[in-house]
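Undergrad: Next up is a structure, given as structure tokens.
In my numbering, the protein residues as written are 3 to 242.
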């Protein structure tokens, strides 16, 4: 993993402003919109194929025999990602307002709590990882947001740590996985690192990595997965 982290640092130095590269090249921009939206939604159980997702994003098509909610989730994730790219282009900080705004876009028309922290208990489906008491969510999120801005020598380790903590807090009633991955994208872009494209095929491995981090404080597996996902992101940025 050390060698891969060194390669990521090298690629980051070669692509000093990765966000600028994304914004100025429509083919790269579109590929990130599709890859991040398709995989993030698929991880959460979407039945839409990558081609169907592309049709919704780029052709505004309605897919027959697929739920309207799933199709709205595509448009909403696309809109949230586009908002995030524009926001970061203004060199703004990752703060609570941004996170709540992203959630309001992602859950618009889907969840009545869009843009607000949850006000009830939740469980992570299929996991024995305990989530935060809803009363503590604002305080815990404040701590996470403060830590996001702290300078770290190892950006992959830092982003992985924040991602695992965010997912365990589970601050929203729905959309936590997708918002967590958008925050991960934001943290990486801030350091001129390509967005981590976590493939839907690796869903079970990804969840196991999160559990190891959250229950055993072993972040090595999650860092390794994020490294691999970042390399996929650089492949998109470099048109490989």
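All residues carry an ideal CB built from backbone N, CA and C; glycine is no exception.
(1) Could you tell me the alpha carbon to alpha carbon distance between residue 102 and residue 221, rounded to whole angstroms?
(2) Under the three-state reduction of DSSP, which class applies to residue 155: helix, strand or coil?
(3) Under a Cβ-count criterion, where at least 16 other Cβ atoms within 10 Å of its own Cβ denotes burial, should residue 78 be classed as buried or exposed?
(4) Would you kindly report the start and end of the unbroken alpha helix (DSSP H) that includes residue 217?
(5) Output the distance between the C-alpha atoms of residue 35 and residue 83, rounded to the nearest integer angstrom.
(6) Label residue 235 either buried or exposed according to how many other C-beta atoms from any shown protein chain fall within 10 Å of its C-beta, with 16 as the threshold for buried.
(7) Using a Cβ-Cβ cutoff of less than 7 Å, which residues in the same chain neighbour residue 37 once the five nearest sequence positions on both sides are dropped?
(8) Between the Cα of residue 164 and those of 142, 106, 132, 205, spot the shortest distance and give me the residue it belongs to.
(9) If you draw a straight line from the alpha carbon of residue 70 to that of residue 131, how long is it in whole angstroms?
(10) Reducing DSSP to helix, strand and coil, say where residue 50 ends up.
(11) For residue 137, tell me which candidate among 146, 122, 147 has the shortest Cα-Cα distance.
TA: Taking the geometry as given:
(1) Between the alpha carbons of residue 102 and residue 221 lies a distance of about 26 Å.
(2) coil
(3) Label assigned to residue 78: buried.
(4) 205–218
(5) 7 Å
(6) buried
(7) Counting only Cβ-Cβ distances below 7 Å, and skipping sequence neighbours, we find 199, 238.
(8) 142
(9) 31 Å
(10) coil
(11) 122
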